[in-house]
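Colleague: Take a look at this one; I'll ask things after.
2 protein chains.
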Amino acid sequence: MNENRTEIGSLGEFGLIDHLTRNNETVQAGTLLSIGDDGAVIDHFGKQTVISTDMLVEGVHFDLMYTPLKHLGYKSVAVNVSDIAAMMATPTHITLSIGISNRFSVEALDEFYTGVYAACEQYNIDLVGGDTTSSSSGMIISITAIGEVTPDQFVTRSGARKHDLICVSGYLGGAYLGLQLLEREKRIFLENPSIQPDLQQRSHIVGRILKPEARTDIMEWLNEQGIKPTSMIDVSDGLSSELLHICRQSRCGCVIHEEKLPVHDESREVAMEFGVDPTMCALNGGEDYELLFTIPQADYDKITAHEGISVIGYITEEEEGAHLITRSNNKHALVAQGWNAFGDQKNAN
Amino acid sequence: MNENRTEIGSLGEFGLIDHLTRNNETVQAGTLLSIGDDGAVIDHFGKQTVISTDMLVEGVHFDLMYTPLKHLGYKSVAVNVSDIAAMMATPTHITLSIGISNRFSVEALDEFYTGVYAACEQYNIDLVGGDTTSSSSGMIISITAIGEVTPDQFVTRSGARKHDLICVSGYLGGAYLGLQLLEREKRIFLENPSIQPDLQQRSHIVGRILKPEARTDIMEWLNEQGIKPTSMIDVSDGLSSELLHICRQSRCGCVIHEEKLPVHDESREVAMEFGVDPTMCALNGGEDYELLFTIPQADYDKITAHEGISVIGYITEEEEGAHLITRSNNKHALVAQGWNAFGDQKNAN
């Protein structure tokens, strides 16, 4: 027995909640009531509320063998905040429910919550409620994020119009390559536990998969510049899949250029090492959590002022379909090959 | 193979969401945007928003051997709505995330959603978002409920004052006895599958565990009568446990009378059959989802006008503790023996 291990059962459910939330401080003036009652109360001051929810399941969305619990806590919040940012709304609150087995100690849960609170601080949001329960198998995380937006200024997936420019923040494909690297190192470790991976040289892609950031900074910058995207989505399943969502819901087509896709040098190196095409990683690798959006052509000069935003193509008529123009000037139809929660699960029964 | 079985994998994640939400109609004027984007947008008209969340895990909170999926869907919504009602707020929206394995067919999920939509209709609320993912083992349900309340009219657990009357709606203990009955019938069935249980004579207690209702009607009646409770909580873990929450958070004590506890005749009969004390079932059996609240003595005449509300005791000084006075005039300290998510799980690993 590790002497630092406290059994969850020793605290009881309410003791555990008290324990986990003892350092939870609220920062929003509108948080009238937070954890400790049947619900949380939020005041609005004439704004509209945006809500989004996500569930993360061990063995499906994360592997605790190479995912530190602190990072997992941070990421769980970040991916929900990313959905709020993708509405051009400002995240304000989250609720968090987790299901865990006795396999986890209180110290392990503390690690997880340290990450959750770090993300709350990073994004200036309040954790205002939740539920903690036992799970008969792995760890389950369910988060609902709430945000606010000036009435009718939210941005959906359905407003893209012909000639609009297609923009994406940051880099694409890194998270997918980071996951491949961690999976490879796991296999090597399982075969020979004396070999410890050196991931220092791959900090970009490992960081992309383990500690993604929601691009609230991009959302805020667009607001400051007075640029209102015509449509917006966050890249969770892969660029192709998200672009096809915008095209379907906006009833339009699109053209993007391979040479414009933002791929980090480290991603190109690792893609070469794995013998995969970095463009395919950018198109189909999920979990980048960058913002993909369309803007009117008139905003081209404004948008190019931000070095971290790439203009990768433009919107066309619906009949023209969705295509990628390669460096060698070939035209390929975009297909959704993003991550499928029901296609690649590991322990289905 | 059953010819009515459609594999979840055959629809894909988005196809499945489209399928499950195809009949989802919104009724709230404030629902500006619902399922189909990164988040949902809700307008407020000067009200305050109340949010509550719950997670239900197969093998911990429900047993699919005797829980019809339609009932499970209904109950999942009702227990969250109950939390909103317990704030004296009006439920308006929910988000729903579920994790399921390939063991479930689309038809099975349809059953579950039929129950969810029935509850949405019953409580006049909108399902405005969610997430559907695979689970490596059983079914996991996570719901966040949102409600609205006139600014500063919400009711917490911390406002009970000395001399206040303690009130509870409906009947207590039935859900616990219903669960015991279903567990017994399950054991009999597993030993001899030719024996089919006849539960018709036990429709009250079986209904209490399988299809509980949130007491939004009580919340609305109190509002109409102009009765503002000083504290309120819903009975999910058992009367004793909930009363102790109110006492702790209101820094007070309480006295309740055994003879005042509302126990249904059918519950008394079944308790006798099982050789358990109906009072213990009322005190410690969970999942009744009735509203427990305190009111000023001045509202006594008003409250007695409602036949479905029982006045069971009164609030005392904190130093006096929390007690039950039995029919034989003995005094027992109340102890929290409610359901513990970490104490009685079935398949811990």
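Protein chains in written order, with the working numbering: chain A, 1 to 349; chain B, 1001 to 1349. Even glycine gets a Cβ: it sits at the ideal position worked out from N, Cα and C. Model, not experiment: these values are computed from the prediction.
Can a CB atom of chain A be found closer than 8 Å to the CB of Ile1140 of chain B?
Modeller: With 8 Å as the cut-off, Ile1140 of chain B counts as an interface residue toward chain A.
Colleague: Strictly by DSSP, which residues pair up with Met280 of chain A?
Modeller: DSSP lists no partner for Met280 of chain A.
Colleague: Just the chain B side, please: which residues come within less than 7 Å of Thr144 of chain A by C-beta, in chain order?
Modeller: Result: Thr1053, Thr1095 and Thr1144.
Colleague: What did DSSP end up calling Asp247 of chain A once you bin it into helix, strand or coil?
Modeller: Note that residue 247 of chain A is Cys in the sequence shown, not Asp. The answer is helix: DSSP assigns Cys247 of chain A an H, G or I state.
Colleague: So what does Ser52 of chain A bridge to, in DSSP terms?
Modeller: According to DSSP, Ser52 of chain A bridges with A:Ala145.
Colleague: What three-state label does DSSP hand His1019 of chain B in the structure shown?
Modeller: His1019 of chain B falls in the helix class under three-state DSSP.
Colleague: Who are the neighbours of Ile1042 of chain B on chain A, taking C-beta pairs under 9 Å?
Modeller: What Ile1042 of chain B touches in chain A: Gln48, Thr49, Val50 and Ile51.
Colleague: Please tell me whether Met1001 of chain B has its Cβ less than 8 Å away from any Cβ of chain A.
Modeller: Any reading at Met1001 of chain B needs caution, since the residue's pLDDT is 40, under 50, leaving its predicted position unreliable; the model's value is listed next. Chain A contact via Cβ: absent.
Colleague: Would a check of beta-carbon distances place Ser105 of chain A closer than 8 Å to chain B?
Modeller: By this cut-off, Ser105 of chain A is not an interface position.
Colleague: Do you know offhand how far Leu1056 of chain B's Cα is from Asp43 of chain A's?
Modeller: One C-alpha to the other measures close to 29 Å.
Colleague: Excluding the five sequence neighbours on either side, which residues of its own chain have a C-beta within less than 6 Å of the C-beta of Ile1084 of chain B, listed in chain order?
Modeller: Around Ile1084 of chain B: Val1050, Ser1052, Pro1091, Ala1145 and Gly1147.
Colleague: For Met1001 of chain B, which three-state DSSP category applies?
Modeller: At Met1001 of chain B, the pLDDT of 40 sits below 50, so the modelled position is not reliable and the matter cannot be decided from this model.
Colleague: Let me check understanding here. Comparing Cα to Cα, which of A:His71, A:Asn102 and A:Val41 lies closest to Arg5 of chain A?
Modeller: Out of A:His71, A:Asn102 and A:Val41, A:Asn102 has the C-alpha closest to the C-alpha of Arg5 of chain A.
Colleague: Taking the alpha-carbon positions, what's the Tyr1074 of chain B to Tyr1117 of chain B distance?
Modeller: Straight-line Cα distance between these residues: approximately 8 Å.
Colleague: Counting only beta-carbon atoms, is Val128 of chain A nearer than 8 Å to chain B?
Modeller: Judged by the 8 Å Cβ criterion, Val128 of chain A is in contact with chain B.
Colleague: Hey, could you find the ends of the beta strand (DSSP E) Met257 of chain A is sitting in?
Modeller: Checking the sequence shown, residue 257 of chain A turns out to be His, not Met. His257 of chain A -> beta strand (DSSP E) spans Gly253 to His257.
Colleague: Can you find a heavy atom of the ligand SAM that lies under 7 Å from the Cβ of Pro68 of chain A?
Modeller: With respect to the ligand SAM, the structure offers nothing, as it holds no ligand at all.
Colleague: So which residues on chain B does Ser194 of chain A lean against when the C-beta distance must stay under 7 Å?
Modeller: Chain B residues near Ser194 of chain A: none, gap ~28 Å exceeds 7 Å.
Colleague: Using a 10 Å radius around the Cβ and a threshold of 16 neighbouring Cβ atoms, would you call Asp234 of chain A buried or exposed?
Modeller: Asp234 of chain A should be labelled buried.
Colleague: Please report the straight-line C-alpha distance between Lys47 of chain A and Tyr300 of chain A, rounded to a whole angstrom.
Modeller: Computed Cα separation, rounded: 29 Å.
Colleague: Helix or strand or just coil, what does DSSP make of Asp288 of chain A?
Modeller: In this structure, Asp288 of chain A counts as coil in the three-state DSSP scheme.
Colleague: Nearest to Asn1124 of chain B by CA position, among B:Gln1028, B:Gln1249 and B:Asn1329, is which residue?
Modeller: Of B:Gln1028, B:Gln1249 and B:Asn1329, the residue nearest in Cα terms is B:Gln1028.
Colleague: Is it right to say Met219 of chain A is buried, meaning 16 or more other beta carbons lie within 10 angstroms of its own, or is it exposed?
Modeller: Result: buried.
Colleague: Determine the DSSP secondary structure at Trp1339 of chain B, reduced to helix, strand or coil.
Modeller: Any reading at Trp1339 of chain B needs caution, since the residue's pLDDT is 45, under 50, leaving its predicted position unreliable; the model's value is listed next. Residue state, collapsed to three classes: coil.
Colleague: Looking at the C-beta of Gly321 of chain A, does it have a partner C-beta in chain B at a distance below 8 Å?
Modeller: Output row for Gly321 of chain A: interface = no.
Colleague: So Ala1160 of chain B and Thr1294 of chain B are supposed to be a Cβ contact under 8 Å. How far apart are they, rounded?
Modeller: Yes, they are in contact, since the Cβ atoms of Ala1160 of chain B and Thr1294 of chain B sit about 4 Å apart, within 8 Å.
Colleague: In the DSSP assignment, what residue or residues form a beta bridge with Thr230 of chain A?
Modeller: Thr230 of chain A pairs with nothing; no bridge assigned.
Colleague: Is the beta carbon of Thr67 of chain A less than 8 Å from the beta carbon of Leu181 of chain A?
Modeller: Not in contact: Thr67 of chain A and Leu181 of chain A (Cβ atoms no closer than 8 Å).
Colleague: Measuring straight from C-alpha to C-alpha, what distance separates Asp277 of chain A and Glu258 of chain A?
Modeller: Straight-line Cα distance between these residues: approximately 11 Å.
Colleague: Tell me whether Glu58 of chain A sits in a helix, a strand or coil according to DSSP, three-state version.
Modeller: In the structure shown, Glu58 of chain A sits in a strand (DSSP, three-state: E or B).
Colleague: On the criterion of 16 or more Cβ atoms from any shown chain inside 10 Å, does Leu334 of chain A qualify as buried, or is it exposed?
Modeller: With 16 or more Cβ atoms within 10 Å of its Cβ, Leu334 of chain A is classed as buried.
Colleague: Rounded to whole angstroms, what is the Cα-Cα separation between Arg1184 of chain B and Ser1135 of chain B?
Modeller: Cα to Cα, the separation comes out at about 29 Å.
Colleague: Output the distance between the C-alpha atoms of Gly1343 of chain B and Phe104 of chain A, rounded to the nearest integer angstrom.
Modeller: Per-residue confidence for Gly1343 of chain B stands at a pLDDT of 33, beneath the threshold of 50, marking its modelled position as unreliable; the derived number appears in the next sentence. In a straight line, the C-alpha of Gly1343 of chain B is about 15 Å away from that of Phe104 of chain A.
Colleague: Can you find a C-beta in chain A that's less than 8 Å from the C-beta of Arg1268 of chain B?
Modeller: False, the Cβ-Cβ gap to chain A never drops below 8 Å.
Colleague: Out of curiosity, what's the CA-to-CA distance linking Glu191 of chain A and Pro197 of chain A?
Modeller: The alpha-carbon atoms of Glu191 of chain A and Pro197 of chain A are separated by roughly 13 Å.
Colleague: Kindly list the residues whose CB is nearer than 8 Å to the CB of Val1311 of chain B, restricted to its own chain and excluding five residues on each side of it in sequence; keep chain order.
Modeller: For Val1311 of chain B, where only same-chain residues beyond five positions count, the Cβ hits under 8 Å are Leu1165, Ile1166, Cys1167, Lys1260, Tyr1300, Ile1303 and Thr1304.
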